[in-house]
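In our numbering, the protein residues as written are 1 to 224. In this text, a Cβ means the ideal position worked out from N, Cα and C, and glycines have one as well. A short worksheet on the structure shown next.
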């Protein structure tokens, strides 16, 4: 298998959509913009991005798609575009889990637990909590009160927390810290496009990860 391949990554944050073109596993071209504006010109932007390297969609080895968690409408837009392109071109797809890529994007963690949170709206949070000793993490959705209780159960062990949801959860974090929980707030709010590409490239090496259609990773359930 030729690992020196060209591939693109579709990424969504809470504010932007981004496209990245990778060569030999390294980001070589990118374009991003406000979500509402980019969603209407995504295919045009992709075409222009590829033309910079004299490529077309059919020249790509695969396309990596951020499938969540995140704003469902935006994620669904990315998924729909990617599925349509895959159907018309025959280029395989790779699903990119935003939490998995985010954990790998963070610097080495010294705490017992690392937590990533994103806004799930309606006073709820998408979360992932990793036990750093084992590297195992679990994901889900919790209300603000449920998230606070989850963090309390981590005591007396140490916690580092990151993600776009931290600013929304700041009051609860301040209360937990005042009560003695060792919680360090990390500055990173979103996973980098480079980390998304690295995750997609790693998964591409596993043939079982290659698919013809991707689905949004929608964690929304009844929060506790």
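### Task
Could you tell me if residue 149 is buried or exposed, where buried requires 16 or more neighbouring beta carbons within 10 angstroms of its beta carbon?
Looking up residue 149 in the chain shown gives position 149. By the neighbour-count rule (16 or more Cβ atoms within 10 Å), residue 149 is not buried but exposed.
### Query
On the three-state DSSP scale, how would you describe residue 126?
Sequence index remark: in the chain shown, residue 126 carries index 126 (1-based). Residue 126 falls in the strand class under three-state DSSP.
### Task
Let me know the secondary structure DSSP gives residue 6 once reduced to three states.
To locate residue 6, count along the chain shown from 1; it is residue 6. Strand at residue 6.
### Query
How many Å lie between residue 194 and residue 37 at the Cα?
As a first step, residue 194 must be located in the chain shown, where it is residue number 194. As a first step, residue 37 must be located in the chain shown, where it is residue number 37. Cα to Cα, the separation comes out at about 22 angstroms.
### Task
Below 6 angstroms CB to CB, which residues in the same chain sit around residue 158 once its five sequence neighbours on both sides are set aside?
Taking the first residue of the chain shown as 1, we reach residue 158 at position 158. So the list reads 111, 112, 182, once near-sequence residues are dropped.
### Message
For residue 135, count the other beta carbons within 10 Å of its own beta carbon; 16 or more makes it buried, fewer makes it exposed. Which is it?
### Response
Translated into positions along the chain shown, residue 135 becomes position 135. Taking every protein chain shown into account, the CB of residue 135 has fewer than 16 other CB atoms within 10 angstroms, so this residue is exposed.
### Task
Just the C-alpha distance for residue 21 and residue 60, rounded to the nearest angstrom, thanks.
In the chain shown, residue 21 corresponds to position 21, counting from 1. In the chain shown, residue 60 corresponds to position 60, counting from 1. Taking the straight line from one Cα to the other gives about 9 angstroms.
### Message
Using 9 angstroms as the threshold, is the C-beta distance between residue 140 and residue 9 below it?
### Response
Residue numbering aside, residue 140 sits at position 140 when the chain shown is read from its first letter. Residue numbering aside, residue 9 sits at position 9 when the chain shown is read from its first letter. At a Cβ-Cβ threshold of 9 angstroms, residue 140 and residue 9 do not count as neighbours.
### Query
With burial defined as no fewer than 16 other Cβ atoms inside 10 Å of the residue's Cβ, what is the status of residue 213: buried or exposed?
The count along the chain shown starts at 1 and reaches residue 213 at position 213. Classification for residue 213: exposed.
### Query
Are the segment 157–171 and the segment 119–126 in contact at 8 angstroms, needing three or more beta carbon pairs?
With three or more CB-CB distances shorter than 8 angstroms, the segment 157–171 counts as touching the segment 119–126.
### Message
Give me the residue from 189, 199, 143 with the minimum Cα distance to residue 27.
### Response
For this step, residue 27 is matched to residue 27 along the chain shown. The residue among 189, 199, 143 with its C-alpha nearest the C-alpha of residue 27 is 199.
### Task
May I ask you to report which of helix, strand or coil DSSP gives residue 78?
Start at 1 with the first residue of the chain shown, and residue 78 comes out as number 78. Helix at residue 78.
### Task
Could you tell me which of 75, 154, 204, 14 sits nearest to residue 24, measuring between CA atoms?
Position 24 of the chain shown, counting from 1, holds the residue named residue 24. It is 204.
### Task
Using three-state DSSP, classify residue 44 as helix, strand or coil.
Position 44 of the chain shown holds residue 44. In the three-state scheme derived from DSSP, where H, G and I count as helix and E and B as strand, residue 44 is classed as helix.
### Query
Tell me, which residues are paired with residue 19 by DSSP?
Taking the chain shown and counting its residues from 1, the one referred to as residue 19 is at position 19. DSSP, once it has assigned bridges, lists 10, 31 as partnering residue 19.
### Query
Opposite residue 193 in the DSSP bridges: which residues?
On the chain shown, position 193 is the one that residue 193 refers to. In the DSSP output, where bridge partners are listed per residue, residue 193 has none listed.
### Query
Under three-state DSSP, which class holds residue 1?
The residue you call residue 1 lines up with position 1 of the chain shown. Low confidence applies here, because residue 1 scores a pLDDT of 40, under 50, leaving its location unreliable; read the following figure in that light. Here residue 1 carries a coil assignment [DSSP, helix/strand/coil].
### Query
For residue 37, does the three-state DSSP call read helix, strand or coil?
Taking the chain shown and counting its residues from 1, one reaches residue 37 at position 37. Three-state result, residue 37: helix.
### Message
Buried or exposed, going by whether 16 or more other CB atoms sit within 10 Å of the CB of residue 216?
### Response
Numbered from its first residue, the chain shown carries residue 216 at position 216. Burial is judged here by how many other beta carbons sit within 10 angstroms of a residue's own beta carbon; residue 216 has at least 16 and is buried.
### For residue 265, the three-state DSSP class (helix, strand or coil)
With the chain running from 1 to 224 in the structure shown, residue 265 is simply not present.
### Message
Under 8 angstroms, with one C-beta from each stretch per pair, do the segment 94–113 and the segment 46–58 reach the 3-pair mark?
### Response
The segment 94–113 is not in contact with the segment 46–58.
### Message
In the DSSP assignment, the alpha helix (DSSP H) including residue 182 goes from what residue to what residue?
### Response
As a position in the chain shown, residue 182 is number 182, starting the count at 1. Looking at the DSSP string, residue 182 is not in any alpha helix (DSSP H), and its letter there is neither H nor E.
### Query
DSSP state of residue 167, grouped into three classes?
In the chain shown, residue 167 corresponds to position 167, counting from 1. Coil at residue 167, not helix or strand.
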